[in-house]
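A quick write-up on the structure given underneath.
Here is the structure:
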C-alpha cells in the first residue's frame, strides 16, 4: 500500500506550502491525500485527528474543525478557486462526481508510530471544479476582500462559507462543478 510519512512526504500543493511544512515548530496532520500544516496556539487541536477520517475532508479534518471553532480562511493572491475546504461541503452531500476508489495507506506519524487507513479518494475526472462560485454567496457577509501589495486577498468566515455552500449544493448538487 502507498505510504504517507508526516515528517518527510512533501507537500503536493507547491513550493510555499512545502517551505512552511519544513519550518521548525510546524505541525502536520496525518492524512495521505489532504494533509494540513499549522503553527500556533490551536494548531495541535485542529490537526490532531485527521487520520481518523476515511475521506480527505471529513469530520476530524482541520478544514471542518476550523469551521467548528469559528476560524477564518485567508486566500492570498490565488482567488477563490483553490479552496480545499469546499471539498468538505461536497463530502456532506456526496454528489456522484466526488469519490472514486478506496485506497489503503500506511501512515507514519511524527512519533514514528505506523497505522493503516482506508481512504475514499476524490476523483474529478470529467469535471472542472468551480469553487470561485462561493464568492457571490458571501457578498452579503462572511467575506472581506482587500489587497496586500498587488495581491487580492479574501478573508472568509469558515462557518458562513460552509453554511452558504451547503445550502447551494443541496439545491444543485453540481453547483461547484462544470462538465469538462
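Residue numbers (the working numbering): 58 to 237. In this text, a Cβ means the ideal position worked out from N, Cα and C, and glycines have one as well. Quick caveat, the model's predicted, so the values are computed rather than measured.
Burial state of residue i (16 or more Cβ within 10 Å)
{"i": "residue 76", "result": "exposed"}
{"i": "residue 135", "result": "exposed"}
{"i": "residue 145", "result": "buried"}
{"i": "residue 121", "result": "buried"}
{"i": "residue 215", "result": "buried"}
{"i": "residue 119", "result": "buried"}
{"i": "residue 168", "result": "exposed"}
{"i": "residue 125", "result": "exposed"}
{"i": "residue 63", "result": "buried"}
{"i": "residue 133", "result": "exposed"}
{"i": "residue 142", "result": "buried"}
{"i": "residue 155", "result": "buried"}
{"i": "residue 147", "result": "buried"}
{"i": "residue 78", "result": "buried"}
{"i": "residue 137", "result": "buried"}
Given residue i as reference, the closest of the options once Cα atoms are compared
{"i": "residue 181", "options": "164, 166, 153", "result": "153"}
{"i": "residue 113", "options": "92, 130, 126", "result": "92"}
{"i": "residue 248", "options": "218, 229, 78", "result": "No answer is possible for residue 248: it lies beyond the span of the chain, which begins at 58 and ends at 237."}
{"i": "residue 103", "options": "111, 110, 86", "result": "86"}
{"i": "residue 226", "options": "236, 194, 202", "result": "194"}
{"i": "residue 230", "options": "150, 97, 81", "result": "150"}
{"i": "residue 81", "options": "97, 196, 71", "result": "97"}
{"i": "residue 175", "options": "157, 105, 65", "result": "157"}
Per DSSP, cross-strand counterpart(s) of residue i
{"i": "residue 130", "result": "213"}
{"i": "residue 234", "result": "186"}
{"i": "residue 62", "result": "165"}
Residue i and residue j closer than 9 Å at C-beta
{"i": "residue 84", "j": "residue 100", "result": "yes"}
{"i": "residue 89", "j": "residue 164", "result": "yes"}
{"i": "residue 233", "j": "residue 178", "result": "no"}
{"i": "residue 73", "j": "residue 140", "result": "no"}
{"i": "residue 221", "j": "residue 199", "result": "yes"}
{"i": "residue 235", "j": "residue 202", "result": "no"}
{"i": "residue 172", "j": "residue 166", "result": "yes"}
{"i": "residue 130", "j": "residue 213", "result": "yes"}
{"i": "residue 67", "j": "residue 162", "result": "no"}
Contact with chain D by residue i, beta-carbon distance below 9 Å
{"i": "residue 97", "result": "The structure shown contains no chain D, having only a single protein chain."}
Alpha helix (DSSP H) segments (min. 4 residues) lying fully within the stretch 151-229 | Runs of the alpha helix (DSSP H) lying entirely within the stretch 151-229, each at least 4 residues long, are 191-194, 215-228 in chain order.
Ordered list of alpha helix (DSSP H) runs contained in the stretch 70-104, each at least 4 residues = Runs found: 72-78, 100-104.
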